[in-house]
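Visitor: FYI, in the numbering used here the residues of the sequence shown are 941 to 1062.
All C-beta atoms in this analysis are idealised placements derived from N, C-alpha and C, irrespective of residue type, glycine included.
Next up is a structure, given as C-alpha coordinates.
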Amino acid sequence: MTNPILFKRDQAPFEAYGDGPGTATIARLIGPDISTTIGAGLATFDSTSIAWTVLYDEVVVGIEGAFRLRTGDTVHEVGPGDVLWIPKGTALRYEGSAALVFYALYPVDWRTRGDSRREHSA
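Pasting the structure below:
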(Lines of atoms letter the chains of each structure in order from A and count residues from 1; the text may use other names and numbers.)
(Lines give C-alpha, C1' and ligand atoms only; values in the text may rest on other atoms or scores of the structure.)
Protein backbone atom coordinates (compact mmCIF):
# COMPACT_ATOMS: atom_id res chain seq x y z
CA MET A 1 0.00 0.00 0.00
CA THR A 2 1.20 3.50 -0.79
CA ASN A 3 0.64 6.71 1.10
CA PRO A 4 -1.60 9.55 -0.12
CA ILE A 5 0.13 12.12 -2.35
CA LEU A 6 -0.83 15.79 -2.40
CA PHE A 7 -0.42 17.59 -5.74
CA LYS A 8 -0.29 21.39 -5.39
CA ARG A 9 -1.79 23.21 -8.38
CA ASP A 10 0.93 25.87 -8.38
CA GLN A 11 3.55 23.11 -8.62
CA ALA A 12 1.80 21.01 -11.31
CA PRO A 13 4.13 20.17 -14.23
CA PHE A 14 2.05 21.62 -17.09
CA GLU A 15 3.31 20.87 -20.63
CA ALA A 16 2.00 22.22 -23.93
CA TYR A 17 0.15 19.78 -26.16
CA GLY A 18 -2.00 19.80 -29.26
CA ASP A 19 -1.37 21.44 -32.59
CA GLY A 20 -3.01 24.83 -31.99
CA PRO A 21 -4.28 27.36 -32.75
CA GLY A 22 -4.70 28.62 -29.23
CA THR A 23 -3.14 26.86 -26.30
CA ALA A 24 -3.63 23.64 -24.39
CA THR A 25 -1.54 22.33 -21.52
CA ILE A 26 -1.64 19.17 -19.47
CA ALA A 27 -0.24 18.13 -16.09
CA ARG A 28 -0.26 14.33 -15.88
CA LEU A 29 -0.27 13.87 -12.13
CA ILE A 30 -1.22 10.22 -11.61
CA GLY A 31 0.14 7.68 -14.06
CA PRO A 32 1.33 4.06 -14.09
CA ASP A 33 4.28 5.01 -11.91
CA ILE A 34 1.85 5.80 -9.07
CA SER A 35 -1.31 3.75 -9.75
CA THR A 36 -2.02 0.42 -11.44
CA THR A 37 -5.62 1.38 -12.19
CA ILE A 38 -6.39 5.09 -12.66
CA GLY A 39 -4.75 8.09 -14.30
CA ALA A 40 -5.52 11.72 -13.45
CA GLY A 41 -4.36 15.26 -13.89
CA LEU A 42 -5.18 18.83 -14.85
CA ALA A 43 -5.54 20.36 -18.30
CA THR A 44 -6.10 23.83 -19.74
CA PHE A 45 -7.78 24.82 -23.01
CA ASP A 46 -7.92 28.33 -24.45
CA SER A 47 -9.08 29.14 -27.99
CA THR A 48 -8.07 25.68 -29.18
CA SER A 49 -9.73 22.58 -30.64
CA ILE A 50 -8.01 19.21 -30.29
CA ALA A 51 -9.38 16.17 -32.12
CA TRP A 52 -9.04 12.79 -30.41
CA THR A 53 -10.72 9.43 -29.96
CA VAL A 54 -10.48 8.41 -26.32
CA LEU A 55 -8.87 5.02 -25.76
CA TYR A 56 -10.06 4.82 -22.15
CA ASP A 57 -13.03 5.82 -20.01
CA GLU A 58 -12.66 9.44 -18.90
CA VAL A 59 -14.29 11.83 -16.45
CA VAL A 60 -13.78 15.60 -16.77
CA VAL A 61 -14.62 18.05 -13.99
CA GLY A 62 -14.75 21.78 -14.74
CA ILE A 63 -12.71 23.98 -12.41
CA GLU A 64 -12.45 27.36 -14.19
CA GLY A 65 -13.61 28.94 -17.42
CA ALA A 66 -15.69 27.21 -20.09
CA PHE A 67 -14.70 23.75 -21.33
CA ARG A 68 -16.46 22.29 -24.39
CA LEU A 69 -16.50 18.75 -25.68
CA ARG A 70 -17.70 18.29 -29.27
CA THR A 71 -18.98 14.90 -30.40
CA GLY A 72 -20.36 15.18 -33.93
CA ASP A 73 -23.01 17.90 -33.88
CA THR A 74 -23.35 17.81 -30.09
CA VAL A 75 -21.52 20.29 -27.86
CA HIS A 76 -21.27 19.60 -24.13
CA GLU A 77 -20.67 22.84 -22.18
CA VAL A 78 -18.82 22.21 -18.89
CA GLY A 79 -18.54 24.95 -16.28
CA PRO A 80 -17.00 25.00 -12.80
CA GLY A 81 -18.31 22.05 -10.79
CA ASP A 82 -19.85 20.25 -13.77
CA VAL A 83 -18.90 16.60 -14.36
CA LEU A 84 -18.72 14.99 -17.81
CA TRP A 85 -18.47 11.22 -18.48
CA ILE A 86 -16.74 10.19 -21.74
CA PRO A 87 -16.87 6.48 -22.64
CA LYS A 88 -14.00 4.71 -24.36
CA GLY A 89 -14.14 4.98 -28.15
CA THR A 90 -15.73 8.45 -28.26
CA ALA A 91 -14.50 10.57 -31.20
CA LEU A 92 -14.38 14.17 -29.98
CA ARG A 93 -12.81 17.60 -29.92
CA TYR A 94 -11.56 19.14 -26.66
CA GLU A 95 -12.13 22.93 -26.65
CA GLY A 96 -12.29 25.75 -24.16
CA SER A 97 -12.12 29.39 -23.21
CA ALA A 98 -9.74 30.00 -20.30
CA ALA A 99 -10.73 26.50 -19.12
CA LEU A 100 -9.05 24.49 -16.39
CA VAL A 101 -10.33 20.95 -15.85
CA PHE A 102 -9.52 17.94 -13.74
CA TYR A 103 -9.59 14.62 -15.58
CA ALA A 104 -9.47 11.00 -14.49
CA LEU A 105 -9.11 8.05 -16.83
CA TYR A 106 -9.23 4.27 -16.70
CA PRO A 107 -7.25 2.19 -17.36
CA VAL A 108 -4.06 4.05 -16.54
CA ASP A 109 -2.05 1.74 -18.85
CA TRP A 110 -4.18 2.37 -21.98
CA ARG A 111 -1.05 3.17 -24.03
CA THR A 112 0.25 -0.38 -23.60
CA ARG A 113 -3.03 -2.14 -24.38
CA GLY A 114 -2.51 -2.53 -28.12
CA ASP A 115 -3.54 0.78 -29.73
CA SER A 116 -0.53 2.47 -31.29
CA ARG A 117 -2.15 5.81 -32.19
CA ARG A 118 -0.23 8.85 -31.04
CA GLU A 119 -1.52 10.50 -27.85
CA HIS A 120 -3.23 13.89 -28.33
CA SER A 121 -5.11 14.29 -25.09
CA ALA A 122 -5.48 13.79 -21.44
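May I ask you to report which of helix, strand or coil DSSP gives R1053?
Guide: Looking at R1053 - three-state DSSP - the assignment turns out to be coil, as it is neither helix nor strand.
Visitor: Here's the rule: buried if 16 or more other CB atoms are within 10 angstroms of the residue's CB, otherwise exposed. What is I1026?
Guide: buried
Visitor: Put D973 into one of helix, strand or coil per three-state DSSP.
Guide: coil
Visitor: Name the DSSP bridge partner or partners of A956?
Guide: Its beta-bridge partners are T965.
Visitor: Check D986 in the structure and name its three-state DSSP category.
Guide: If DSSP states are grouped into helix, strand and coil, D986 belongs with the strands.
Visitor: Indicate whether the contact test is met: 3 or more Cβ pairs, each with one atom in the region 1011–1019 and one in the region 950–961, closer than 8 Å.
Guide: Inter-segment contact for the region 1011–1019 and the region 950–961 is absent: fewer than three beta-carbon pairs are separated by less than 8 Å.
Visitor: Kindly indicate the opening and closing residues of the beta strand (DSSP E) around D997.
Guide: D997 to T1011
Visitor: A983 to P953, Cα distance in whole Å?
Guide: 10 Å
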